[in-house]
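These notes are about the structure you will find just below.
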Ligand SMILES: Cc1cc2nc3c(=O)[nH]c(=O)nc-3n(C[C@H](O)[C@H](O)[C@H](O)COP(=O)(O)OP(=O)(O)OC[C@H]3O[C@@H](n4cnc5c(N)ncnc54)[C@H](O)[C@@H]3O)c2cc1C
């Protein structure tokens with residue numbers, strides 16, 4: 004691995020839009036080694052042994068000790084210390100291995116949420132921003148689960164606008180403590196956590212600061228558990244800080260650096276949420292497919308109906324696509340981290356910097372992963388029919404538990420806007436050259452159209468051409484929108500949503516195509532027929548979605564000749580040769596049905 | 011104390027079974043392999059003994075070709091100290107038992123544990139043959155095993171009940187649940203599995219009298235006939251004349 008990393012070109016975040024990536028450059032889930040597969044199985048065994056047999060009990064919240072005891076068990080297995088460096092009692096694993104753990108555990112309903120809040124937003128602020136004493140004091144206990152952690156950013160009046168919180172910290176007269184007062188809301192693991200990462204403003208600061216607060220410090224009270232639509236077994240509390248005395252040495256990082264911490268920790272949270280959604284989706288697909296094989300109507304299993312096959316193929320394809328992009332981005336983060344470490348940076352800083360570099364991809368995946376999951380559980384309910392609507396069947400919980408993912412870790416609206424915002428900021432700062440490619444697209448728009456459908460040689464030649472065009476469509480619409488609105492673009496949220504959709508589809512379709520191309524080079528094309536079908540089906544859908552989003556955007560800001568020209572351009576850049584998608588989906592579905600589970 | 015745990019490398023219970031070469035060979039394509047579930051219990055009990063009895067070492071043994079090594083390393087991850095792979099295709103029970111006996115003799119183990127049976131061929135006789143070859147007791151299926159000094163108290167499942175035995179060491183046991191709670195390897199175990207010794211030895215030559223002619227899948231289950239609960243006559247009639255089981 005190490006030598007391969009050294010020879011890899013440094014890839015920049017967001018660069019996928021203007022750079023042609025080669026298949027061998029990306030990591031694919033099929034690359035996981037024996038040890039990683041053993042970890043994957045370990046996580047599956049943990050869920051099978053400790054979680055799946057007591058989902059009702061967990062959701063009932065009757066025994067408040069149950070969830071912490073499950074976290075203790077996960078701690079015994081080492082699942083809480085994957086991201087904690089070895090010096091502090093963890094396992095210091097690479098990012099993609101921690102992604103794999105997040106994926107499998109992602110199928111664990113409320114336990115998945117509790118576990119990921121503890122290991123992610125609860126523990127990582129100390130891993131990345133803690134000083135030596137703080138790390139020594141807290142990380143070993145967080146890695147085993149002896150301490151359980153929560154993250155207190157949101158307040159009743161401060162949700163998406165996270166920097167607007169009213170919670171205050173005041174230095175005590177003797178200068179030894181910060182005294183925290185305020186109210187936090189929606190705090191996962193709040194009911195049983197020992198450690199709270201609390202964001203508050205010191206005196207009249209403009210920006211947040213972050214503190215490590217022990218429950219034992221006192222001055223902390225809380226409301227009863229929230230009654231929620233889903234993830235009912237995860238503790239969610241409103242927490243009050245009343246003269247909570249926090250020793251000054253528990254300020255995390257520097258004064259007013261809290262918002263930055265919050266944002267950077269969310270980068271990790273977002274991509275982990277995406278891959279956890281992949282895990283949840285896979286489980287839902289397996290459950291639904293088995294039901295479809297067993298449930299008979301009109302004297303045949305419903306899995307034999309084309310309409311049901313369509314659903315199964317769509318569910319599977321979208322999850323495969325999301326998974327492809329998640330691990331591609333995960334490896335980019337690992338590669339960037341390793342390169343920075345090789346250049347002499349300390350590992351916590353290196354990881355943070357890499358995550359920041361790929362923040363666009365993290366936001367993209369958050370949106371895609373959570374929306375695929377919601378699609379999958381929705382179709383899962385549909386495949387189950389009336390039994391899908393029954394509170395006794397497995398789809399009820401899957402459906403309810405999925406929904407939160409589009410809300411926390413930054414709502415999908417916020418994340419959509421962030422992707423475009425970050426992209427444009429980078430272009431403005433000269434970190435990413437969007438200008439020249441966008442101008443080249445404009446030029447191409449005026450020139451005689453190129454009607455060839457690619458050089459037809461090589462793997463996925465036509466599809467790659469279509470993909471390159473899809474990116475051009477994105478650049479064309481984005482470039483025109485920027486020119487039109489200039490600094491006012493941020494007020495045109497609807498257009499931003501359209502642009503984000505084009506970007507998301509481009510990234511995910513490309514990742515899927517590259518994954519399958521790499522897989523074909525390893526296994527031989529004959530052994531990846533179904534994967535190939537999925538890459539093609541996904542590309543067709545991506546192009547269709549992008550075309551629709553692009554059209555919405557163009558309608559919103561262009562008229563007359565410009566409108567006509569842009570629509571023509573969009574049509575040209577979102578052209579793809581016809582393909583019998585129905586047959587492709589049938590082949591995909593038949594394969595999944597035969598295997599009786601999500602098989603990739 | 012030295013414990014030997016013999017593990018099988020078998021298709022996962024949910025695998026779809028296919029054959030190749032004119033139905034003379036099992037086709038492993040696309041099949042996920044696991045440690046035999048009964049062997050898993052044997053291993054878990056061995057690790058428990060190791061944890062409670064200082065100075066105990068656990069060696070795992072598998073008769074198999076190189077592709078079984080991931081399964082062996084999983085056993086190392088669960089907590090075995092070292093492993094032996096006898097480099098041979100495990101063709102039949104007698105062959106496998108001969109290899110185990112050979113290794114057991116050389117290693118001087120006081121306790122030889124394995125599953126009550128594998129879950130691929132389910133012959134369930136390897137423990138008895140090993141015991142016979144070594145001239146020591148063999149007991150199966152063992153659901154409880156408590157050591158005290160040089161003897162062990164065992165509980166064995168028998169038809170309609172349980173049998174309680176006391177056996178002196180060394181002996182062979184074919185294990186099943188609830189002899190121990192099956193173990194999930196922890197992260198430390200997984201990360202150390204690579205560095206634990208895994209010795210590959212060549213098999214001794216054995217004249218085994220078994221050759222496989224052909225494999226066949228069981229016939230799919232026929233459809234079910236529902237008979238109303240108060241129509242006993244019809245039930246008896248069908249069992250007698252149609253199913254021909256009475
Ligand atoms: C079960 C659960 C667990 C949670 N766990 C935690 C936790 O552990 N720690 C923590 O700190 N927080 C936690 N949260 C809070 C969560 O992060 C917030 O709910 C989320 O960020 C949204 O904030 P809000 O609820 O205030 O919604 P709002 O910000 O009020 O948003 C309402 C709607 O308005 C939209 N909106 C808001 N601003 C804009 C804008 N500028 N432009 C366009 N649309 C906008 C949103 O997208 C959304 O659709 C949790 C929430 C839930 C429900």
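Residue numbers (this note's numbering), protein chains in the order written: chain A, 4 to 603; chain B, 11 to 256.
C-beta: ideal position from N, C-alpha, C; glycine also.
Asked                                                                                                                                     : Found
Under the three-state DSSP convention, the category residue 202 of chain B falls into                                                     : helix
Paired residues, beta bridge with residue 95 of chain B - DSSP                                                                            : B:72, B:210
Chain A contact for residue 146 of chain B (CB, 9 angstroms cutoff)                                                                       : no
Residues that residue 43 of chain B bridges to, as DSSP identifies them                                                                   : B:21
Any chain A beta carbon closer than 9 angstroms to residue 194 of chain B                                                                 : yes
Assigned secondary structure, residue 191 of chain A (DSSP; H/G/I helix, E/B strand, else coil)                                           : strand
Close beta carbons around residue 256 of chain A, own chain, < 7 angstroms, minus the five adjacent residues each side                    : 132, 213, 264
Cβ-heavy atom distance, residue 294 of chain A to ligand 1, below 8 angstroms                                                             : no
Beta bridge counterpart(s) of residue 149 of chain B as assigned by DSSP                                                                  : B:183
Spatial distance of residue 87 of chain A from residue 128 of chain B (CA atoms)                                                          : 39 angstroms
Segment contact, 8 angstroms Cβ cut-off, at least three pairs: the segment 38 to 53 of chain B with the segment 173 to 191 of chain B     : yes
Residue 109 of chain A at chain B interface by Cβ criterion, 9 angstroms                                                                  : no
Residue-chain proximity (residue 87 of chain B, chain A), Cβ-Cβ < 9 angstroms                                                             : yes
Close Cβ partners of residue 210 of chain B (< 7 angstroms) along its chain, the five nearest in sequence each way excluded               : 95, 97
Cβ-based burial, residue 158 of chain A [other Cβ within 10 Å; buried from 16]                                                            : buried
Sufficient close CB pairs (3 or more, under 8 angstroms) joining the segment 410 to 419 of chain A to the segment 267 to 276 of chain A   : yes
Backbone CA spacing between residue 74 of chain A and residue 150 of chain A [nearest angstrom]                                           : 10 angstroms
Below-9 angstroms beta-carbon distance, residue 288 of chain A vs any chain B residue                                                     : no
Nearest neighbour of residue 220 of chain B, chosen from B:112, B:79, B:106 [CA to CA]                                                    : B:106
Which residues DSSP lists as bridging residue 380 of chain A, in chain order                                                              : Paired residue(s): none; residue 380 of chain A is not in a bridge.
Residue 102 of chain A versus residue 38 of chain A: straight-line alpha-carbon distance, rounded                                         : 14 angstroms
Cβ-heavy atom distance, residue 120 of chain A to ligand 1, below 8 angstroms                                                             : yes
Three-state secondary structure assigned by DSSP to residue 225 of chain A                                                                : strand
Residue 154 of chain A vs residue 124 of chain A beta-carbon contact at 9 angstroms                                                       : yes
Residues of the segment 142 to 158 of chain A whose Cβ lies closer than 9 angstroms to any Cβ of chain B, in chain order                  : none
DSSP-derived helix/strand/coil call for residue 240 of chain A                                                                            : strand
Spatially closest choice to residue 184 of chain B from B:174, B:134, B:217, by CA coordinates                                            : B:134
From A:114, A:309, A:379, A:546, residue whose alpha carbon lies closest to that of residue 52 of chain A                                 : A:114
Through-space distance from residue 22 of chain B to residue 256 of chain B, alpha-carbon basis                                           : 36 angstroms
Under 9 angstroms between C-beta atoms of residue 534 of chain A and residue 511 of chain A                                               : no
Complete runs of the alpha helix (DSSP H) confined to the segment 360 to 425 of chain A [at least 4 residues]                             : 362 to 387, 389 to 392, 397 to 405
Neighbour flag for residue 486 of chain A against chain B, beta carbons, 9 angstroms                                                      : no
Chain A within 9 angstroms of residue 54 of chain B, Cβ atoms only                                                                        : no
Chain A contact for residue 80 of chain B (CB, 9 angstroms cutoff)                                                                        : yes
Range of the contiguous beta strand (DSSP E) that encloses residue 154 of chain A                                                         : 152 to 155
Nonlocal neighbours in the same chain, by C-beta distance under 6 angstroms from residue 5 of chain A, ignoring five residues either side : Residue placement at residue 5 of chain A is poorly supported in this model, since its pLDDT is 40, which falls under 50; the coordinates still yield a value, given next. Cβ within range, chain order: n/a, list empty.
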